[in-house]
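Chains as they are written, first to last, in this note's numbering: chain B, 483 to 870; chain S, 483 to 870.
We put the CB at the ideal spot given by N, CA and C, even for glycine.
This one's a predicted model, so the numbers in the text were calculated from it and none came from an experiment.
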DNA sequence: CTGAAAGCGCTTACAG
DNA sequence: CTGAAAGCGCTTACAG
C-alpha cells in the first residue's frame, strides 16, 4: 500500500532518508536518473514510489528562478474560442510551460495595469495579450509581453488575429457582383485588435476601389447590433452588401433584413466571419471567413516563446513546417435558399469539391496534394447569404 | 525618475538597505503598514517607490505555503462560455486567488491524471473540474477538488451545470401541445456532466409521462450531428419534437428538418439550450433555455473556496443573497415564422411582456418587482421553433 | 516598534 | 558517483 495518512506531501528529505542517501542525490535523480549508480537509483526509485513523492514545484521555481508559467490576458467576458486557448495551452505545455488565463475587467488601461502587476510578480515568464493593451514591452524589469493581433513597429501585420486581408477579398468579390454601397458592422473596436484591423481594411478597400460606404457601425459582436444597424437604415437606402464583424453579427443583420421584408441575398448580401458551425446550418447559411483558431493559438504562443528565449520571432507569414494558418477548404457553394423547402443540404455540401479562394486570390482545392506556401484565413463564398 | 536599468527586479533586501532598516521591517510593512512607526514607514515607503519594488510572489508562496492559486480543468477544445470562466476568475480574484485554466486532452481518465499531478505539485490550493473526472477528492495528500455539475454522494443535484430540470418542463409543455414521440440529440455525454444529466432527465420524463422516445442520439454538441439525426429518421417517423443538446445542435436539427421539406415548428418542434444570441436571431428563432453562466461560474468557485476553508458547502439551491442562477426573463413569444418576410422582429420582442416560466413552473414577469425565492435556468418558450 | 535568526523545499556549484 | 554547504526571497516566531 502506498497510502500515506499524513496530509502533508513528502519532501525530498524524507525520500532521501528512506533511501539512505543525501537529498542532493534525490534531486539529482529527479534531474537525470542516469547520473546515479544503478544501485543508488533503485533505492531512490523505491523511496519515491513508496512515499508517492512529487517535487514541490514552488520550491523548485524559487531556486531555479524559473516558474515555467505563462499568462494569457483576455478581456473580461469575451467569448473566446476554446480551440484557440486549448491550442495555446497545449503548445505551451509541450514547451514545458503551464498557462494561466487571466480575465481582466475594463478596457486597455485596466488590462495593462494587470499585466504590469503580473509581469513583476515573478510568477510568470511571459505574457500574451489577446486584447489590445496600452503598455508595450519596452519597460525594464519585465518579462516578455506579446500582444497578439497587434501590428509591430514597422506596421507589418503580425498575422494571427490581425489578419484582416480577407475583408479586401470579400469587398472585391462583392464589387465584382455589382455591389456599390457597403455597410460595415464592426466588432468591439476597443477591446479587439481583430475588429480594429478589419475596420481599417474595410475603409481602405472601399476607398481604394472607389466604392461607397454607408458607414461603419461600431459594434460589440452582438447580433442585436447587427439587427439594429439594418433596421436603422433609411427606406430606399443604397446599401446592398454588409460586412459583419462575425457570424453572430451577420445573423442579426440577416434577421434585420428579413424583418424589413428584404431577401438575403436577393436584396442584401451579408458576409460573416469565423465560419461558426451554427452559421453554416442557419437559413440562409452564412458566407463567412474560416480562420484556423488552433494555428493562431499555436503561433501566438510560439511568438512569445521566441521572445522568452531571445530567438528571432517566428515568421509571421508562416513556414511550411509550422504555418500560422491552415486553410480550411471544406466549404462549397450551395444554391441560394430563398424559401422552403431548402434545396441544399449542408451535410452533403462537404462532399462536393470545395471552391474557396484564399486571401491571396489563389484557387485551392483539396485535390491538390501540396498546399501553396502562403497560409491565411480562407474566404468561404459558399454560404447562401452573399449571392453569386 | 523611478527607472531602473537592472533587468532583475529589486529584492526585499535592497529595499531594506536603501531605507536603512532590516528586511524584516520591510516585510512587516508589506503585511501591515500601520505596524510601523510613522517615521520608519515613510522611509520604507520611499525605498519601495524608488526601487519600484514588488514582492516576489513565488518566494512568498514558498514561505507561507500558500500559493493563492486555483486551477480550473476543462476538456480540450471545449468551446466554453467566456462569461462563466470570467465570472469564476473574478470571484476567485475577489477572494485573493489567481485562477489557472488547464485544458486537458483526452477523456475523464486523462483529466483525472492531470488533476492528480496538479493537486500534488503544490502549485494550486484547489481544483475545479467543469468536466467529468474519475477520481474523487477522497485520497490523501490532496488539495480540495470540486467537480462542477456532478451529483454529490446523496445524489442531490449540485445545481450549476447539473441542473437539467428544464428538460422536464420542456417535455411536459410539448406533451401538453399534443406531442407524443420525442427524439433527444444529446451533447457530449462522455465529457460533460450537463449532457449526462439532461439525457437522464429526458429518459426519465418520457418514461414517467408514458410518452415515446424514438431514441437518444449521443452527440458531440455539433450541428452536424443534429442535422444527421434528422435526416436519418425514416420516412413516416412519428417524431414531432426534438430536445437538442444546445442551440448549435438545435440549429442543425432545424436545418435537417427544412432539408426534408418539413416545416418548423409546423411539422417538427425543436428545443435548444443556452439561449445563445445567435439562435434568437435565427430564422426560425430557437426555443431554448436561458442559463446564467456568470452565476454558475461564481457558484462553482464559491463551492471550491468553501471546501478550501473547511466551511460547509454553500446552499446549492442558492440564497436570496447569492443565487446560483439568476433567471433571465427577457424573452417573449413571437408569431411562428414560416416564410419570408418574417412577421416578427427580434428587436421588438424584448420590449413586450416576457412570458417565461421557470423550471418550478411559476410564471415570472419583469413587472413583479420581487423575484421568487427559487432560482434556476429559465425555459424560454418564446422562440419560433417550438410552436404554441 | 524593530532586528537577528531560522526555515519554507528545492537546485547547483564545489569538493571529495 | 555522491555529499555538505550555500542560497533562491520571502515570513514568522522570538528577543530585545
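{"Asked": "Which residue comes first and which comes last in the beta strand (DSSP E) that contains residue 661 (chain S)?", "Found": "Element bounds for residue 661 (chain S): n/a, residue is neither H nor E."}
{"Asked": "Check whether chain S comes within 8 Å of residue 709 (chain B), counting only Cβ atoms and requiring the distance to be less than that.", "Found": "yes"}
{"Asked": "Taking the alpha carbon of residue 754 (chain S) as the point to measure from, which residue in S:571, S:767, S:532 has its own alpha carbon closest?", "Found": "S:767"}
{"Asked": "Please state whether the Cβ-Cβ distance between residue 785 (chain B) and residue 569 (chain B) is less than 8 Å.", "Found": "no"}
{"Asked": "Indicate whether at least one CB of chain B lies closer than 8 Å to the CB of residue 558 (chain S).", "Found": "yes"}
{"Asked": "Can you say whether residue 760 (chain S) is buried or exposed, counting buried as having 16 or more other CB atoms within 10 angstroms of its CB?", "Found": "buried"}
{"Asked": "Beta-carbon within less than 6 Å of residue 526 (chain S)'s beta-carbon, same chain only, minus the 5 sequence neighbours each way: which residues are those?", "Found": "501, 508, 511"}
{"Asked": "Can you pull the chain B residues whose beta carbon is under 7 Å from the beta carbon of residue 605 (chain S), in chain order?", "Found": "539, 540"}
{"Asked": "Residue ranges of each beta strand (DSSP E) run of no fewer than 3 residues wholly in the region 672-719 of chain B, ordered along the chain?", "Found": "694-699"}
{"Asked": "Specify, as a first and last residue, the run of the alpha helix (DSSP H) that residue 528 (chain S) falls within.", "Found": "520-533"}
{"Asked": "Got a sec? Which residues, its chain only, sit under 8 Å from residue 558 (chain B) by beta carbon, not counting five neighbours each side?", "Found": "585, 586, 587, 588"}
{"Asked": "For residue 765 (chain B), which of helix, strand or coil comes out of DSSP?", "Found": "coil"}
{"Asked": "What's the call for residue 548 (chain B), buried or exposed, on a 16-neighbour Cβ count within 10 Å?", "Found": "exposed"}
{"Asked": "Measuring CB to CB, does residue 708 (chain S) end up less than 8 Å from residue 734 (chain S)?", "Found": "yes"}
{"Asked": "Run down chain S in chain order and give the residues with a C-beta less than 7 Å from the C-beta of residue 734 (chain B).", "Found": "763"}
{"Asked": "Quick check: the region 691-707 of chain S against the region 720-739 of chain S, are at least 3 beta-carbon pairs closer than 8 Å?", "Found": "yes"}
{"Asked": "Go through its chain and collect everything with a Cβ distance to residue 881 (chain S)'s Cβ below 7 Å, but skip five positions before and after it.", "Found": "An answer regarding residue 881 (chain S) cannot be provided, because it is not within the stretch 483 to 870 covered by chain S."}
{"Asked": "Excluding the 5 residues flanking residue 514 (chain S) on each side, which residues of the same chain have their C-beta closer than 8 Å to its C-beta?", "Found": "none"}
{"Asked": "Does residue 554 (chain S) come out as helix, strand or coil in the three-state DSSP assignment?", "Found": "strand"}
{"Asked": "Output needed for residue 691 (chain S): all residues of its chain with C-beta closer than 8 Å, excluding positions within five of it in sequence on either side, in chain order.", "Found": "653, 654, 657"}
{"Asked": "Check residue 571 (chain S) in the structure and name its three-state DSSP category.", "Found": "helix"}
{"Asked": "Is it the case that the Cβ atoms of residue 665 (chain S) and residue 612 (chain S) are separated by a distance below 8 Å?", "Found": "no"}
{"Asked": "Quick check on the burial criterion: 16 or more other C-beta atoms within 10 angstroms. Buried or exposed for residue 772 (chain B)?", "Found": "buried"}
{"Asked": "Any beta carbon from chain S within less than 8 Å of residue 863 (chain B)'s own beta carbon?", "Found": "no"}
{"Asked": "Note down, in chain order, each residue of its chain lying with its Cβ closer than 6 Å to the Cβ of residue 821 (chain B), except the 5 sequence neighbours on either side.", "Found": "Caution is warranted here: a pLDDT of 31 is assigned to residue 821 (chain B), below 50, making its placement in the model unreliable, and no coordinate value can be reported."}
{"Asked": "With C-beta atoms as the reference, is residue 661 (chain B) less than 8 Å away from residue 722 (chain B)?", "Found": "yes"}
{"Asked": "Rounded to whole angstroms, what is the Cα-Cα separation between residue 600 (chain B) and residue 551 (chain B)?", "Found": "11 Å"}
{"Asked": "How many Å lie between residue 607 (chain S) and residue 539 (chain B) at the Cα?", "Found": "13 Å"}
{"Asked": "In the DSSP output, which residue or residues are listed as bridge partners for residue 444 (chain B)?", "Found": "Nothing can be reported for residue 444 (chain B): it is not among the residues displayed for chain B, which extend from 483 to 870."}
{"Asked": "Cα separation between residue 505 (chain S) and residue 672 (chain B)?", "Found": "43 Å"}
{"Asked": "For residue 579 (chain S), which residues of its own chain have a beta-carbon under 6 Å away from its beta-carbon, when the five flanking residues on both sides are left out?", "Found": "550, 552"}
{"Asked": "Can you pull the DSSP bridge partners for residue 629 (chain S)?", "Found": "S:611"}
{"Asked": "Can you say whether residue 715 (chain B) is buried or exposed, counting buried as having 16 or more other CB atoms within 10 angstroms of its CB?", "Found": "buried"}
{"Asked": "Measuring alpha carbon to alpha carbon, tell me which residue in S:647, S:676, S:701 is nearest residue 667 (chain S).", "Found": "S:701"}
{"Asked": "Is the closest heavy atom of the ligand ATP to the C-beta of residue 680 (chain S) under 7 Å?", "Found": "This structure does not include the ligand ATP; it has no bound ligands of any sort."}
{"Asked": "Nearest CA to the CA of residue 685 (chain S): which residue from S:711, S:719, S:650, S:717?", "Found": "S:650"}
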